[in-house]
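When you line the sequence shown up against the UniProt record's numbering, it's residues 1 to 200, in that order.
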Amino acid sequence: MAEKRRVPWVPFWTASSCSLSSQVYTDQIVRAIESTETAKQEKALSFIPGLEMATTADLLPEIFLGNNASPLVITINKMVEHLPKSTAVVLNSFKEIDPIITKDLKSKFPNFLNVGPSILLPATMTTKQDASHGWEDHAMKSLPNGFIDRTNSFGRMVAWAPQQQILAHESVGVFINHCGWNLILESITSCVPLICRPFL
1 MAEKRRVPWV PFWTASSCSL SSQVYTDQIV RAIESTETAK QEKALSFIPG LEMATTADLL
61 PEIFLGNNAS PLVITINKMV EHLPKSTAVV LNSFKEIDPI ITKDLKSKFP NFLNVGPSIL
121 LPATMTTKQD ASHGWEDHAM KSLPNGFIDR TNSFGRMVAW APQQQILAHE SVGVFINHCG
181 WNLILESITS CVPLICRPFL
């Protein structure tokens with residue numbers, strides 16, 4: 001729409017620079033492999049600056065589905081195709097975390113800006129409102145009967161907790177998480193080591 005009206009537009013990429021880079025190189029990745037079956041094999045992504053240690057097996061299979069891709073994958077691919085036409089590309093990250101990828105993305109998008117971590121910005125609503133959005137009631141209902149009673153001695157189930165305050169507490173030695181980008185940024189800004197369990 002912005003292009004049709006000839007007005008500047010600036011997309012905000014909320015995921016990591018690695019994520020954006022893998023999207024930018026989707027066509028090359030697809031050309032480098034033949035099918036979803038080959039994607040399961042270990043094939044190095046040596047042609048992507050900063051991701052040379054990654055393999056096709058590290059990527060979600062949806063990227064290789066071509067015309068059978070989900071609507072979400074198709075939408076993201078279309079968005080990424082239009083990024084070079086934007087006034088700037090803004091990323092919720094900082095260049096020091098992925099300097100090689102940042103340099104490569106700057107070569108593709110002249111006005112590529114790392115403006116994060118955005119979690120350091122002051123909140124516009126209360127932390128509880130921001131974190132919950134009414135989600136916790138549904139989550140508690142989906143737990144098996146007696147789950148909270150059986151697990152009380154191993155930990156604590158609460159409807160909501162101030163995660164950044166908890167991470168900042170001196171007694172927290174490590175943070176186990178599912179590798180969501182905001183969780184990673186919260187851990188880094190709190191100087192808490194991570195145990196990453198993708199897709200927990």
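Ideal Cβ positions, reconstructed from N, Cα and C, are used throughout, including at glycine.
Drop a sphere of 10 angstroms on the beta-carbon of residue i, count the other beta-carbons inside from all chains shown, and report buried for 16 or more, exposed for fewer.
| i | result |
| --- | --- |
| residue 154 | exposed |
| residue 7 | exposed |
| residue 151 | exposed |
| residue 160 | exposed |
| residue 145 | exposed |
| residue 56 | buried |
| residue 47 | exposed |
| residue 148 | exposed |
| residue 58 | exposed |
| residue 23 | buried |
| residue 13 | buried |
| residue 125 | Confidence at residue 125 is low in this model, with a pLDDT of 47, below 50, so the placement of that residue is unreliable and no value is reported for it. |
So what's residue i in DSSP terms, helix, strand or just coil?
| i | result |
| --- | --- |
| residue 194 | strand |
| residue 145 | coil |
| residue 176 | strand |
| residue 9 | coil |
| residue 189 | helix |
| residue 14 | coil |
| residue 1 | coil |
| residue 152 | coil |
| residue 171 | coil |
| residue 33 | coil |
| residue 160 | coil |
| residue 19 | helix |
For the ligand FMN, is there any heavy atom lying closer than 8 Å to the beta carbon of residue i?
| i | result |
| --- | --- |
| residue 19 | Inclusion of the ligand FMN in the displayed structure is not the case, the ligand content being empty and no account of it being possible. |
Below 8 Å on the Cβ atoms is my guess for residue i versus residue j; work out the distance and round it to an integer in Å.
| i | j | result |
| --- | --- | --- |
| residue 195 | residue 172 | That belief does not hold up - the Cβ atoms of residue 195 and residue 172 are roughly 12 Å apart, past 8 Å. |
| residue 105 | residue 20 | 6 Å |
| residue 102 | residue 17 | 6 Å |
| residue 15 | residue 181 | 5 Å |
| residue 50 | residue 91 | Their Cβ separation, rounded to whole angstroms, is 14 Å, which puts residue 50 and residue 91 out of contact at 8 Å. |
*Where in the region 44–115 do unbroken runs of the beta strand (DSSP E), each at least 3 residues long, occur, reported from the N-terminal end onward?*
89–91 and 112–114
*Would the region 185–192 and the region 160–170 be scored as touching if the rule is three or more Cβ pairs under 8 Å?*
yes
*May I ask you to verify whether the region 70–78 touches the region 89–97, counting CB pairs closer than 8 Å and requiring at least 3?*
no
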